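See structure below.
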Amino acid sequence: MSDGAQDRAAANEVRTYVERVRSRTGAYPGCAPEQALVYACEDVVDSELGSPVLVQHQLTALIEQICWREDIEPPLVTRARAGSFRASADLATWTICFRERVTTASVLLHEMAHLSVGADSHGVLFRDELVRLVRAHVSVQHAAMLHTLFAAVDLEMSPWPASAHRR
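In structure tokens form, the structure reads like this:
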């Protein structure tokens, strides 16, 4: 396949993923449009590439590894049975609350990104940090797809090379 044909095939693949993201935003009716797009992009990446499932001891070990590497305080981890989201981060109490018995690395990294940047929002600082954490703790492939989708649905992103470095 020529380089031009490969580029066209890649562009078509991205368009297909973007269509899936846009249709997936409907799964988040109570969210702001930006937040719904972030969640939908994460959903598409997880459905295409998967995300490691973590049981309690793996979750604890990964949190410790992330916090050590990122030089942040480990959060308190709690569980709740009610709620509409899989997890949430509380900046005031430095807590991550998971609503399911098992979780995935992508859900954990999403909440760690909130804590790391000190923001409840899903803006560009959060997205940049999420991509950086995914690149460092899951894979470059996962991070690249997430970065590509964020940019493709017109969510502001820093250039890809910036995701390799901590600010």
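In terms of my numbering, the sequence shown opens at residue 845 and continues consecutively. Positions of the beta carbon are idealized from the N, C-alpha and C atoms, including for glycine. Only a predicted model underlies this, so the values are computations on that prediction, with no experimental measurement involved.
Look at residue 860 and residue 884 and say whether their C-beta atoms are less than 7 Å apart. No. Outside cutoff.
Taking the alpha-carbon positions, what's the residue 995 to residue 958 distance? Cα to Cα, residue 995 sits roughly 19 Å from residue 958.
Inside the segment 855 to 935 only - alpha helix (DSSP H) runs reaching at least 4 residues: Every alpha helix (DSSP H) stretch that sits fully inside the segment 855 to 935 and reaches 4 residues is listed by chain position as 877 to 893 and 900 to 914.
Assuming contact is defined by CB atoms lying nearer than 7 Å, are residue 972 and residue 1002 in contact in what I supplied? Between residue 972 and residue 1002, the C-beta spacing is below 7 Å.
Proximity of residue 878 and residue 950 at Cβ, strictly below 7 Å: Not in contact: residue 878 and residue 950 (Cβ atoms no closer than 7 Å).
Report back the beta-carbon spacing between residue 931 and residue 945 to the nearest angstrom; my notes put them in contact at under 8 Å. No, residue 931 and residue 945 are not in contact; Cβ-Cβ is about 12 Å, not under 8 Å.
Taking 7 Å as the threshold (C-beta atoms), are residue 940 and residue 921 in contact? A distance below 7 Å separates the beta carbons of residue 921 and residue 940.
Return the CA-CA distance between residue 907 and residue 918, expressed in angstroms with no decimal places. Each residue's alpha carbon lies about 7 Å from the other.
Cβ neighbour criterion (16 or more within 10 Å) applied to residue 865: Looking at its Cβ environment, which holds 16 or more other Cβ atoms inside 10 Å, residue 865 is buried.
CB of residue 990 within 7 Å of CB of residue 978, strictly: Yes.
Runs of alpha helix (DSSP H) wholly within the segment 964 to 991 (minimum 4 residues, chain order): Counting only runs of 4+ residues, the alpha helix (DSSP H) found wholly inside the segment 964 to 991 occupies 968 to 981, in chain order.
Return the CA-CA distance between residue 905 and residue 952, expressed in angstroms with no decimal places. Cα to Cα, the separation comes out at about 12 Å.
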